[in-house]
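K.L.:
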């Protein structure tokens with residue numbers, strides 16, 4: 022691979038392990054990351070002036086966090102690490118980047134995308150009130166700034182992160198007024214055989230629930246009809262819901278953390294022209310990958326939550342496998358550990374299916390949203406307006422519905438609303454979401470800082486975006502098999 026440039030995008034568990042594997046094989050990869058320090062969201066570092074012990078930040082995962090944080094220190098100059106660098110577009114073998122010094126480009130021969138995932142949220146009545154956070158945001162406030170999002174917090178949604186954040190908040194001394202889980206207890210019981218593929222993780226989840234009980238935190242299962250009460254001036258006042266038996270409840274609070282699993286960040290892969298397919302577990306179109314992370318584009322590999330959500334440990338394995346695939350494709354001998362790594366990955370895949378069974382996406386909550394609920398907070402579009410556009414304009418495809426309603430056209434580019442919008446559109450068209458294509462990615466894939474704006478009066482960003490639109494293949498070949 023002499024003279025070939027390998028670029029890794031993302032310095033979380035997957036990207037760091039990929040860079041480490043490449044460096045140990047004698048390569049010097051370039052590692053780009055938008056954050057100021059490595060570790061990703063799961064192992065986000067505390068500010069340099071903070072002196073909390075790692076166990077107070079990461080709990081039982083403190084040794085893993087320390088190991089991840091040591092990778093770049095150990096490798097030193099064998100990795101060209103560039104923090105504060107946002108990849109905002111791709112054309113051919115060229116990345117378009119924004120860094121402290123402004124806009125730039127970077128050529129590559131091989132690319133490993135480890136772009137991670139973001140919180141997946143569900144629009145609810147009151148979800149745009151001040152004081153509503155994603156579960157990930159609530160966790161980051163605690164990890165990074167040692168503060169809670171409120172004095173009396175309700176956490177709602179479903180997935181492993183829900184109980185974890187509840188325990189972290191309660192352990193830190195915050196008042197967790199209630200945990201509202203849309204998953205039913207019988208769903209979680211039925212998933213136990215698949216969850217047993219990772220017995221340590223399963224045991225940790227069971228003990229978390231026991232710890233919450235000991236701390237006096239009530240976990241309500243199978244909740245429905247969730248709504249957040251308050252106003253834009255006073256903020257949040259309460260959360261109301263119905264329990265599994267249909268009984269109404271209301272609990273006072275001043276902050277809410279919400280989330281249903283995660284949503285893979287796939288925009289760069291799409292702009293690169295990777296082939297996508299519907300994933301029924303993620304309920305999202307994801308890149309088609311072979312077991313080692315090879316995409317449909319030669320020389321482009323995807324690792325971690327950006328390809329399949331297998332947790333931090335699974336992301337580390339995926340990063341190593343993607344790097345080994347890259348090395349093998351460029352003339353290195355197959356690594357002897359590949360078979361063992363693939364065997365371990367199969368257990369993570371089984372566990373992933375168990376999580377989907379235990380914490381299902383609340384499809385009916387999406388399809389039964391009240392017309393007055395905001396579905397797109399960026400463009401202030403209600404569910405009722407979105408439905409009306411679909412019906413009047415015969416907008417039976419997400420991108421047409423987007424162009425006519427502006428749902429997904431705001432600065433989040435559908436990160437918050439796409440999942441719910443897809444369910445609403447599918448319900449109106451009387452099809453399953455799998456039958457619909459996804460929203461097309463557009464450059465820049467994230468809003469860029471003002472410091473990146475051209476200073477010579479030109480419209481470089483707009484010109485680049487137009488070039489991308491002309492050069493890229495924006496349609497995605499998908500199968501629903």
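Numbering (the numbering used here), first residue to last: 22 to 502. Heads up, the beta-carbon is just placed ideally off N, CA and C, and yes, glycines get one too.
#1: To which residues of the same chain is residue 120 closer than 8 Å at the C-beta, ignoring the five residues directly before and after it?
#2: Are the beta-carbon atoms belonging to residue 43 and residue 470 less than 8 Å from one another?
#3: Would you say residue 165 and residue 68 are within 8 Å of each other, going by their C-beta atoms?
#4: Taking contact to mean 3 or more Cβ pairs, one atom from each stretch, closer than 8 Å, check whether the stretch 448-466 and the stretch 148-164 are in contact.
#5: Helix, strand or coil for residue 310 per DSSP?
#6: For residue 72, count neighbouring Cβ atoms within 10 angstroms of its own Cβ and tell me buried if that reaches 16, exposed if not.
#7: Are residue 94 and residue 51 touching if we call contact CB-CB under 8 Å?
#8: Name the DSSP beta bridge partners of residue 175, please?
#9: Skipping 5 residues on each side, what residues in its chain have a beta carbon closer than 6 Å to that of residue 493?
#10: Give the DSSP-derived three-state secondary structure of residue 424 in the structure shown.
#11: In whole angstroms, what is the alpha-carbon distance linking residue 404 and residue 240?
#12: Can you name the residues that DSSP bridges to residue 101?
#13: Can you tell me where the beta strand (DSSP E) holding residue 126 begins and where it ends?
#14: How would you label residue 188, buried or exposed, when you count the other beta carbons within 10 angstroms and need 16 or more for buried?
#15: Which value, in whole angstroms, describes the spacing of the CA atoms of residue 247 and residue 131?
#16: Can you tell which of 205, 277, 162, 125 has its C-alpha closest to the C-alpha of residue 177?
#17: Is the separation between the beta-carbon of residue 444 and that of residue 387 shorter than 8 Å?
#18: To the nearest angstrom, report how far apart residue 382 and residue 281 are at their CA atoms.
#19: Suppose you measure from the CA of residue 242 to the CA of residue 351; what does that come to, to the nearest Å?
#20: In this structure, does DSSP put residue 155 in helix, strand or coil?
#21: Determine the direct distance from the alpha carbon of residue 285 to that of residue 379, and round the result to whole angstroms.
#22: Which residue marks the beginning of the alpha helix (DSSP H) containing residue 361, and which one marks its end?
#23: Given this structure, state the Cα-to-Cα distance separating residue 183 from residue 175, to the nearest angstrom.
#24: Could you spell out where the alpha helix (DSSP H) holding residue 224 opens and where it closes?
#25: Per DSSP, which one or two residues make a beta bridge with residue 248?
#26: Can you check which of these residues, 336, 302, 395, is closest to residue 505 by C-alpha distance?
#27: What three-state label does DSSP hand residue 38 in the structure shown?
#28: Can residue 30 and residue 139 be called in contact, C-beta distance under 8 Å?
#29: When we look at the beta-carbon of residue 221 and count the other beta-carbons within 10 Å, is it buried (16 or more) or exposed?
#30: Return the first residue and the last residue of the alpha helix (DSSP H) that residue 511 is part of.
#31: Just to confirm the assignment, what range does the beta strand (DSSP E) spanning residue 207 have?
#32: Considering only residues of the same chain and omitting the five flanking positions on each side of residue 283, which have a CB-CB separation below 7 Å?
#33: Can you name, in chain order, every residue of its own chain whose Cβ lies under 7 Å from the Cβ of residue 128, other than the five neighbours on each side?
#34: On the three-pair Cβ rule with 8 Å, is the stretch 46-65 touching the stretch 358-365?
#35: Under 8 Å, do residue 328 and residue 212 count as touching if we go by C-beta distance?
#36: Compute the beta-carbon to beta-carbon distance between residue 172 and residue 275, rounded to the nearest angstrom, for a pair I have assumed lies under 8 Å.
P.N.:
Let me lay it out:
#1: 103, 105, 106, 107
#2: no
#3: yes
#4: no
#5: coil
#6: exposed
#7: no
#8: 199, 277
#9: Caution applies to residue 493, whose pLDDT of 36 falls short of 50 and renders its modelled position unreliable; the value that the coordinates give is listed next. Excluding residues within five positions, the ones whose Cβ falls inside 6 Å are 292.
#10: helix
#11: 29 Å
#12: 51
#13: 123-128
#14: buried
#15: 46 Å
#16: 277
#17: yes
#18: 7 Å
#19: 51 Å
#20: strand
#21: 19 Å
#22: 359-379
#23: 11 Å
#24: 220-235
#25: 261
#26: As shown, the chain starts at 22 and ends at 502. That puts residue 505 outside it, with no answer to give.
#27: helix
#28: no
#29: exposed
#30: This structure cannot speak to residue 511, because the chain is shown only from 22 to 502.
#31: It is not in any beta strand (DSSP E) - residue 207 instead sits in the alpha helix (DSSP H) that spans 206-211.
#32: 138, 139, 140, 141, 326, 330
#33: 26, 114, 115
#34: no
#35: no
#36: 6 Å
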